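*Asks:*
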Amino acid sequence: MSIPLSQYRPVTRLRTVSHPVDRAKFPVLDIHTHFGPLVIGRDYDSKYDTGKVLEGLRRHGVQRLCNLELVWGSELERLERKLAGQEGTVYTFPSADLSGFELPGFEDSVRRTMETYRLAGYKGIKLWKDITLYQKDIRGRHIRLDDERLACIFSAAGENGLIVLIHIADPVAFFTPFDARNEYYECLAGNPEWLFYGEEFFSFEEHMRMQEAVLKRHPGTTFIIAHTGSCSEDLGFVSGLMDRYPNMYVDIAARINELGRQPYTARKFFIDHPDRILFGTDYIAGQAPEDLYPYYFRFLETFDEYFDYGPEEEAGSMGRWKIYGIGLPDDVLEKVYHLNAERLLKLSQIP
Ligand SMILES: [Zn+2]
1045 MSIPLSQYRP VTRLRTVSHP VDRAKFPVLD IHTHFGPLVI GRDYDSKYDT GKVLEGLRRH
1105 GVQRLCNLEL VWGSELERLE RKLAGQEGTV YTFPSADLSG FELPGFEDSV RRTMETYRLA
1165 GYKGIKLWKD ITLYQKDIRG RHIRLDDERL ACIFSAAGEN GLIVLIHIAD PVAFFTPFDA
1225 RNEYYECLAG NPEWLFYGEE FFSFEEHMRM QEAVLKRHPG TTFIIAHTGS CSEDLGFVSG
1285 LMDRYPNMYV DIAARINELG RQPYTARKFF IDHPDRILFG TDYIAGQAPE DLYPYYFRFL
1345 ETFDEYFDYG PEEEAGSMGR WKIYGIGLPD DVLEKVYHLN AERLLKLSQI P
């Protein structure tokens, strides 16, 4: 008898102790959430009630969050209206229009935008993987992250005291052939547009070279590189970067599936860099918080073994494996949950 892989749903018979964590041990600032069009779509404002969403998050101990969006100008104003009254809880990281980067006047426009953000009290900007994976220049070629013409964004952000939170590349397997050896096979089968393998794309390794070039070129700019520094599959590599570039921080958004399958290495990573790792999830406004936060808390706070990194319907969707908790000590946990982010964002501590 044979069954398709997609129907294979083994139920573990393993019995070990389980410590569900519904509410974090310390107050939480989630550095990586989405409340606008980037993930939810243009009609995001009809999709959730801001007050109710934040109330739901507070029940799990999430007191503050950063909302990362590719918006500027009137779209940013619309988003701000949706979030009105939540200053001190929601910190939006807007972006800048990069589409004119080949035109004269681009640098001036970027500099004006960054200055406006500083004067308006924004803490940082969001840049996304689209720069190297989706956008193209006028010759129809993908754009290098370390393209000289984009450098003004990083320098102007730094000069205005704005953090750059950037998502670069994607899991390594998205850059490898889509075949029986691909460890994200089921994920890519469901989301074929996430496969970036082929001549036309920069390789994963090239992405890492571009990432390092930008960190090196802009020592005065603080970077939070999302998804564990773009390379949760190789924490030794990320550690090396963090050692070389004191301006580099990482969030762990959407990567407990990766971190939790290498619990010894992951625990050491947190303990070696307790001041440089930030709690983030990729929470999407309107999503049920109980489907997300308890999994992160259990991973960070307990030594539980072999558990799902998400609710049943998502378990296995980012790799057919389970995860292990890393039981972080309290001092590290508190830094990761909120102290590091508060220091970077220059906020008073959550009471
Ligand atoms: Zn995200």
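Residue 1224 in the numbering used here sits at position 180 of the sequence shown; the count goes up by one each step and never skips. Glycine residues also receive a C-beta, built at the ideal position from the N, C-alpha and C atoms. Because the structure is a prediction, the values reported are computed rather than measured.
Nearest-angstrom Cα distance between R1351 and V1294?
*Replies:* Position 307 of the sequence shown, counting from 1, holds the residue named residue 1351. Position 250 of the sequence shown, counting from 1, holds the residue named residue 1294. Checking the sequence shown, residue 1351 turns out to be Phe, not Arg. Computed Cα separation, rounded: 24 Å.
*Asks:* At 3 residues or longer, what runs of the beta strand (DSSP E) sit wholly inside the segment 1138–1193?
*Replies:* Correct list: 1168–1171.
*Asks:* In the structure shown, what three-state DSSP assignment does I1367 receive?
*Replies:* For the purposes of this step, residue 1367 is taken as the residue at position 323 of the sequence shown. Correct three-state label for I1367: strand.
*Asks:* Around the Cβ of V1065, are there at least 16 other Cβ atoms within 10 angstroms (buried) or fewer (exposed)?
*Replies:* Stepping through the sequence shown from its first residue, residue 1065 is reached at position 21. So V1065 ends up on the buried side.
*Asks:* Apply the 10 Å Cβ neighbour rule to Y1407 and answer buried if 16 or more other Cβ atoms are within range, or exposed otherwise.
*Replies:* The displayed coordinates of the chain run from 1045 to 1395. Any statement about residue 1407 would go beyond what the structure contains.
*Asks:* Rounded to a whole number of angstroms, what is the C-alpha to C-alpha distance between V1106 and G1132?
*Replies:* Taking the sequence shown and counting its residues from 1, one reaches residue 1106 at position 62. Taking the sequence shown and counting its residues from 1, one reaches residue 1132 at position 88. The alpha-carbon atoms of V1106 and G1132 are separated by roughly 13 Å.
*Asks:* Kindly provide the ranges of any alpha helix (DSSP H) runs that are 4 or more residues long and lie completely inside the segment 1111–1142, ordered along the chain.
*Replies:* Runs of the alpha helix (DSSP H) inside the segment 1111–1142: 1117–1126.
*Asks:* How many Å lie between D1319 and G1304 at the Cα?
*Replies:* Here residue 1319 corresponds to residue number 275 of the sequence shown, with the count starting at 1. Here residue 1304 corresponds to residue number 260 of the sequence shown, with the count starting at 1. Going by the C-alpha atoms only, they are around 20 Å apart.
*Asks:* In whole angstroms, give me the CA-to-CA distance for A1270 and R1299.
*Replies:* Start at 1 with the first residue of the sequence shown, and residue 1270 comes out as number 226. Start at 1 with the first residue of the sequence shown, and residue 1299 comes out as number 255. Cα-Cα distance, rounded: 10 Å.
*Asks:* For D1074, report the span of its beta strand (DSSP E) as first-last.
*Replies:* Your numbering for residue 1074 matches position 30 in the sequence shown. Here the beta strand (DSSP E) through D1074 covers V1072 to H1078.
*Asks:* How would the residue list near ligand 1 read, in chain order, if you kept each one whose beta-carbon is closer than 7 Å to any heavy atom?
*Replies:* The answer, residue by residue, is H1076, H1078, V1083, L1112, H1211, A1270, A1297, A1298 and D1326.
*Asks:* Apply the 10 Å Cβ neighbour rule to H1063 and answer buried if 16 or more other Cβ atoms are within range, or exposed otherwise.
*Replies:* Locating residue 1063 in the sequence shown gives position 19, counting from the first residue. Classification of H1063: exposed, given that the 10 Å Cβ count is below 16.
*Asks:* What is the rounded straight-line gap between the Cα of I1210 and the Cα of Q1051?
*Replies:* Your numbering for residue 1210 matches position 166 in the sequence shown. Your numbering for residue 1051 matches position 7 in the sequence shown. Roughly 36 Å separates the two Cα atoms.
*Asks:* Indicate whether D1248 and F1219 have their beta-carbon atoms separated by less than 7 Å.
*Replies:* Reading the sequence shown from its first residue, position 204 is the one you call residue 1248. Reading the sequence shown from its first residue, position 175 is the one you call residue 1219. Before going further, note that residue 1248 is Phe rather than Asp in the sequence given. Yes, they are a contact pair.
*Asks:* Whole-angstrom Cβ separation of Q1179 and I1187, contact assumed at under 8 Å?
*Replies:* In the sequence shown, counting from the first residue as 1, residue 1179 sits at position 135. In the sequence shown, counting from the first residue as 1, residue 1187 sits at position 143. Between I1187 and Q1179 the Cβ distance is about 5 Å, and since that is below 8 Å, they are a contact.
*Asks:* Any idea if D1326 is buried or exposed, counting beta-carbon neighbours within 10 angstroms, 16 or more meaning buried?
*Replies:* Here the question's residue 1326 lines up with position 282 in the sequence shown. Label assigned to D1326: buried.
*Asks:* Starting from the N-terminal side, write out each stretch of the alpha helix (DSSP H) that is 4 residues or longer and does not extend beyond the segment 1258–1329.
*Replies:* Runs found: 1270–1273, 1279–1288, 1300–1303 and 1307–1316.
*Asks:* Give the range of the alpha helix (DSSP H) segment to which V1083 is assigned.
*Replies:* Your numbering for residue 1083 matches position 39 in the sequence shown. Looking at the DSSP string, the run of the alpha helix (DSSP H) that includes V1083 is P1081 to I1084.
*Asks:* When we look at the beta-carbon of E1113 and count the other beta-carbons within 10 Å, is it buried (16 or more) or exposed?
*Replies:* In the sequence shown, counting from the first residue as 1, residue 1113 sits at position 69. E1113 should be labelled buried.
*Asks:* Please confirm whether E1386 and F1070 have their CB atoms less than 7 Å apart.
*Replies:* As a position in the sequence shown, residue 1386 is number 342, starting the count at 1. As a position in the sequence shown, residue 1070 is number 26, starting the count at 1. It is not a contact, given that the beta carbons lie outside the stated cut-off.
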